[in-house]
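**Q** Attaching a single structure in structure tokens format; questions to follow.
Protein chains: 2
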Amino acid sequence: MNTHPHFSVNDASVDSAAIVPLPQSRKVYQSGSRPDIRVPFREITQSDTATMFGGECNPPLTVYDTSGPYTDPMVQIDLRKGLAPVRSAWIAERDDTEQLDGPSSRFGRDRLQDTRLAGMRFETQRHPRRAKSGLNVSQMHYARRGIITPEMEFVAIRENLQREAYIDMLRASGPQGEQLVQRMLRQHPGQSFGASIPATMSPEFVRSEIARGRAILPANINHPESEPMVIGRNFLVKINANIGNSALGSNIGEEVEKMTWAIRWGGDTVMDLSTGKNIHETREWILRNSPVPIGTVPIYQALEKVDGKAEELTWEIFRDTLIEQAEQGVDYFTIHAGVRLPFIPMTADRMTGIVSRGGSILAKWCLAHHKESFVYEHFDDICDIVKSYDVSLSLGDGLRPGSGYDANDAAQFAELKTLGELTQAAWKQDVQVMVEGPGHVPMHLIKENMDLQLEHCHEAPFYTLGPLTTDIAPGYDHITSGIGAALIGWYGTAMLCYVTPKEHLGLPDKKDVKDGIITYKIAAHAADLAKGHPGAAIRDNALSKARFEFRWDDQFSLGLDPDTAKNFHDATLPKDSMKVAHFCSMCGPHFCSMKITQDVRDYARDKGLDDKSALSAGMQEKAKEFKEKGASIYQKI
Amino acid sequence: MNTHPHFSVNDASVDSAAIVPLPQSRKVYQSGSRPDIRVPFREITQSDTATMFGGECNPPLTVYDTSGPYTDPMVQIDLRKGLAPVRSAWIAERDDTEQLDGPSSRFGRDRLQDTRLAGMRFETQRHPRRAKSGLNVSQMHYARRGIITPEMEFVAIRENLQREAYIDMLRASGPQGEQLVQRMLRQHPGQSFGASIPATMSPEFVRSEIARGRAILPANINHPESEPMVIGRNFLVKINANIGNSALGSNIGEEVEKMTWAIRWGGDTVMDLSTGKNIHETREWILRNSPVPIGTVPIYQALEKVDGKAEELTWEIFRDTLIEQAEQGVDYFTIHAGVRLPFIPMTADRMTGIVSRGGSILAKWCLAHHKESFVYEHFDDICDIVKSYDVSLSLGDGLRPGSGYDANDAAQFAELKTLGELTQAAWKQDVQVMVEGPGHVPMHLIKENMDLQLEHCHEAPFYTLGPLTTDIAPGYDHITSGIGAALIGWYGTAMLCYVTPKEHLGLPDKKDVKDGIITYKIAAHAADLAKGHPGAAIRDNALSKARFEFRWDDQFSLGLDPDTAKNFHDATLPKDSMKVAHFCSMCGPHFCSMKITQDVRDYARDKGLDDKSALSAGMQEKAKEFKEKGASIYQKI
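Now the structure itself:
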């Protein structure tokens, strides 16, 4: 078993690996309608195409950037001070919140007064904010009143990825500019299964999607450090990374490090699922240093407060926990209110019973008290609390299947229907809500999950764990589930909760976090491409072009993980000269098909073959035409 | 750049990692209608269920085993002697072949007489066999004449995975036997897109599938060491692993080691794609030591013979290469006869041109000679050659897309249609044939590939590389392509050619080979589940049951990679006592949902709740019923 070094404030230094700039990349910001809307992007510089391939200028490509200030060399990171509160002014200006004297939860106050925690407590205690009495500060509430918040404008800019600027640069890049625009933006029409993705995201579109509940913008007023992002089927598919300690391993420093590592590689949100010691303090460190929304499962901490005895949980303890976490700044809560008493016996003949931790805690409580859970009974009260802080709700699937055997069963779908009812209850109070989904589901049963979720939950964003498409590969469940995640993302899921290689086996370490993140970035992007998300193919096209033109460094830098790509290449060809070589070690210098293709093109060009006429409608006709045309061309030899 | 140690016969020792028995596993053989039909399986022993979970006896599970004699402790492996020729008697008995005095290819004779090669040559030279004049020795030819060969019976037994014996053992395991049968065999009905998979494989079904061309049984008469296997959409989805050196790296010993490593983890066939030095000798070592069919792309070696100058290739050189390799025992040849002259200019405006090595070689040849390739022109001659050895043809997709941009374009589909015509030409001569497919294809365009292949190629087995569903993840293309492979396998592809993490970057090493194999085993199995392949869910069910019952060692051993699963678990909980612990480090001892679920069950049982009544038709009614029933039950407290 691991040793558990006691964490101390003095240990709090940023992981140096989290702040190294990515290769050929720089942090850029695009301003909005006001100067304090500064939307971050990563700009990837590309080299020019070699003269022999056409000598084109390849403008820098802008990609989505979740890494926050950590990759901005102008920012001095000090974990003990936390990140700058970029949203503070927006929140204050709305003048609908007030600063409290201190935590209003009993637990929050107790922890603050516990002198034994001084050595591990985050130093700078900001006083929590809360909505003024009777007011609702959720982004949905603003949206429904027609207000476009700076947060909404921020995400509209963010989702557009500076595509217009890229097109302008392509167009201005030389005489082939217009042709390059056509080429780099070319994308196969998608199959979106009913999504309605506009060509360009406008702040008004963001507002309308939030207003109708089809998207959420998780943004607790007590987490002003977060850079706004949006979760909805008409936006880029997002991914979540789970971190958190357990009673057996990891400490605060390690968890903060996992968070900074997760966002470096593309985690859009992070869930802190800690169940071990010092959950409150761990969360504070993570929140104060996180530029992405943080989610939690409050029942985990509530259970710790009753020493793990589920049946001793009460609404009062749970309520105090919600307030405690809301005032720290948690952006979304997983609430397993769909675990209803009559559904629990439906799991008795399952292969793997109830595998959701939250679900099993509540099931145990329900049986012990032979009544509906306090989470279900007090759902309206929960909404009432969270709208004072703008905590979004993530309706947990406590009865999700833990094996393919249990997929799509009565218990699961009974709960899903309940989640739809709860969605509407939340919307009545203008509370932002998303719905969690499975789990373990064979490929051919995945679509039913999405279809029923759309039907029952009225297009509230779906947020799924995988699903894992087979149970036979422990150690590789990032892959068994990455397959399912890509599929369900294509069908309409808005956010994919990653699964790491350690799933079912142990607590993930940093390597596992990265493996999980990259796998899920692949799944999310594959889904965007299949849905036909506008502009999604640009990065694929840019990378394919770099690949074809033997711009090795560009190929690495444009990829999801430049370090691994470069290391793999360098394993056989480490010299710098090989970064411009027109081959790799797979085939060697005399056999590269890409090089031969270039020869084919050159040959065709030398012989006067008109390349552009090659591509047009009518495959059969074209073949015939070329045969005829080719015959005369080649006679020139 | 790597150093290239010269390989010598003295180095030829088997990789010790390839012969260690897998945990809790033993090699078993099932006999057929004659004693020399001995079909290998891996039998995985399971421990009994703990008393607190019901105390059931869990009979051993039989899984498909591609690892050959390497995992049979009764067999002494000596790479220098090669494997036992298990099919020799069957081939000889048919009395339609003759043993030649020596290689009939010029190149084969030259290499044999080259004294400089003595140090690296495989020692035991078996004289090649060939069909007697005018005879056809293909499995398809026998099948069409109504003959069930021992090879066909072998694969029928192999595909059934001793399911009947497993069911008998379940039934005999105790009073709950019948219930266990129902439970372990339960499987969601599949969505097979027109596949016709019988509940049990019979030798006659195998014969009929081969006769109609819907399956192939690659089994060169000069590769008697191979254990028969079948490739077809109505059988288990298979995977292929590519190995082979290039001019830049790897030697014979390393390639043999990659082969034994690939089959240990589940490679159903192996392609030797060597393009570097001593291709002939490398292949001999691989063939003599391979229990799985070996495929090659003969044009690679032919090109070496003309020093890499594609335009200098001739039919005579190619023909000699086919004979050379056929007489060594290659089981299938990739032939890029679909690369027709009129299709080549269709690739000129692609993003990534022609990425198939074979395709680009032939394209260059076609342009240089301004005529159709000798491979296309001599396709009937090729069939005439291969039917004398029973080499199967794999019709190469020389114009497959090398990027999502190029997916499903005119060039690709023009070639596919030609491959359909060539399929029929091969079938006219009773030559076994499969058809290769892409490549790089976004998810929503994958099905069109399968649909067109079925239409144009009349259900000849489809054999695809991936496809990769996005281009943005160099270093992770086993995953980008594993997603596509799972999908196209579901849609009907018979064999999936793996892609390793090194794709596009370099030559894979042993770790890459294993990563590629496991990823593709996952894809193939996910496809089998989705198609509803009979019995496919048994292994998932067994593993899920082991997981739920905290049989940690069983969970590891039933998985695709027991070593990694165990290592991951042991990273946090290395002690033996933790192999029976009712928790893992993800959640820690106080928080395990599986444990809580068990508590829920126990609780329900204690309170007299009848579990079995929980599952039946009518979710709504059930919920209501339980509420009512529950009310009275719980009043007993």
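Residue numbers (this note's numbering), protein chains in the order written: chain L, 2 to 638; chain D, 2 to 638.
Beta carbons: idealized from backbone N, C-alpha and C, even for Gly.
1. Just to confirm the assignment: which complete alpha helix (DSSP H) runs, minimum length 4, are found wholly within the stretch 126-165 of chain D?
2. Sorted by chain position, which residues of the same chain lie with C-beta nearer than 7 Å to G120/L's C-beta, five sequence neighbours on each side aside?
3. At 8 Å on the CB atoms, spell out the chain D contacts of A487/L, in chain order.
4. Going by Cα to Cα distance, which pick from H526/L, D577/L, T276/L, F557/L is closest to P24/L?
5. Distance check for L455/L and I489/L, CA to CA, integer angstroms please.
6. How is G438/D classed by DSSP in three states: helix, strand or coil?
7. By DSSP's criteria, G233/L is part of a beta bridge. Which residues make up the other side?
8. Assuming W91/D and P151/D are in contact, meaning their beta carbons sit under 8 Å apart, how far apart are those beta carbons, in whole angstroms?
9. For K310/L, is the classification buried or exposed, using 16 other Cβ atoms within 10 angstroms of its Cβ as the cut-off for buried?
10. Going by DSSP, what residue range makes up the beta strand (DSSP E) through F194/D?
11. Check whether the Cβ atoms of H526/L and P502/L sit closer than 7 Å, and answer yes or no.
12. Does any residue of chain D bring its CB to less than 7 Å from the CB of G178/L?
13. If contact is defined by three or more beta carbon pairs under 8 Å, each pair taking one atom from either stretch, is the stretch 422-437 of chain D in contact with the stretch 567-580 of chain L?
14. Give me whichever residues DSSP pairs with A242/D in a beta bridge.
15. Which residues, in order along the stretch 446-479 of chain D, keep a beta-carbon less than 7 Å from a beta-carbon of chain L?
16. Residues of chain D with CB closer than 7 Å to the CB of F334/L, please, in chain order.
17. Could you tell me if Y30/L is buried or exposed, where buried requires 16 or more neighbouring beta carbons within 10 angstroms of its beta carbon?
18. Would you check if the distance between the CB atom of I473/L and the CB atom of R540/D is smaller than 7 Å?
19. Taking just the CA atoms, how far does R341/L sit from E94/L?
20. Note the first and the last residue of the continuous beta strand (DSSP E) segment covering R358/L.
21. Any heavy atom of the ligand FMN closer than 6 Å to the CB of E550/D?
22. For the stretch 395-429 of chain D, which residues have a CB atom closer than 9 Å to at least one CB atom of chain L, in sequence order?
23. Residues of the stretch 528-546 of chain D in Cβ contact with chain L at a cutoff of 7 Å, in chain order, please.
24. With a 10 Å radius around its C-beta and 16 neighbouring C-beta atoms as the bar for buried, classify E124/D as buried or exposed.
25. Any C-beta of chain L sitting closer than 7 Å to the C-beta of M272/D?
26. DSSP puts L394/L in a beta bridge; with which residues?
27. For a cutoff of 7 Å on Cβ pairs, would you count A615/L as touching chain D?
28. Do we get a CB-CB distance below 7 Å when we pair T520/D with the residues of chain L?
29. Is the beta carbon of A196/D closer than 7 Å to that of K522/D?
30. How about the stretch 330-338 of chain D and the stretch 383-402 of chain D: do they share at least three Cβ pairs that are nearer than 8 Å?
31. Who are the near neighbours of S669/D in its chain, counting only those whose CB is closer than 8 Å to its CB and skipping five residues on each side?
32. If I'm right that R88/D touches D66/D with Cβ under 8 Å, what's the distance once you round it to whole angstroms?
33. By DSSP, does C697/L sit in helix, in strand, or in coil?
34. Using C-beta distances below 6 Å, list every residue in its chain close to T322/L, excluding the 5 sequence neighbours before and after it, in chain order.
35. With a 10 Å radius around its C-beta and 16 neighbouring C-beta atoms as the bar for buried, classify M153/D as buried or exposed.
36. Quick one: what's got a C-beta closer than 7 Å to A412/D's C-beta in the same chain, skipping five residues either side?
**A** This is what the structure gives:
1. 140-145, 151-161
2. S9, V10
3. M444, T470, I484
4. F557/L
5. 12 Å
6. strand
7. A216/L
8. 4 Å
9. exposed
10. Unbroken run through F194/D: none, as it is neither H nor E.
11. no
12. no
13. no
14. V271/D
15. L446, T470, T471, D472, I473, A474, P475, G476, Y477
16. Chain D residues near F334/L: none, gap ~18 Å exceeds 7 Å.
17. exposed
18. yes
19. 41 Å
20. No beta strand (DSSP E) holds R358/L; the alpha helix (DSSP H) holding it covers 358-370.
21. Inclusion of the ligand FMN in the displayed structure is not the case, the ligand content being empty and no account of it being possible.
22. G403, S404, G405, Y406, D407, A408, N409, D410, A411, A412, F414, A415, K418
23. L530, A531, A538, R540, D541, N542, L544, S545, K546
24. exposed
25. no
26. F334/L, V434/L
27. Any reading at A615/L needs caution, since the residue's pLDDT is 36, under 50, leaving its predicted position unreliable; the model's value is listed next. Closer than 7 Å: yes.
28. yes
29. no
30. yes
31. Because chain D here runs from 2 to 638, residue 669/D falls outside it and cannot be looked at.
32. Wrong, their Cβ atoms sit about 17 Å apart, outside the cutoff.
33. No answer is possible for residue 697/L: it lies beyond the span of chain L, which begins at 2 and ends at 638.
34. P299, Q302, A303
35. buried
36. F344, M347, T348, L400
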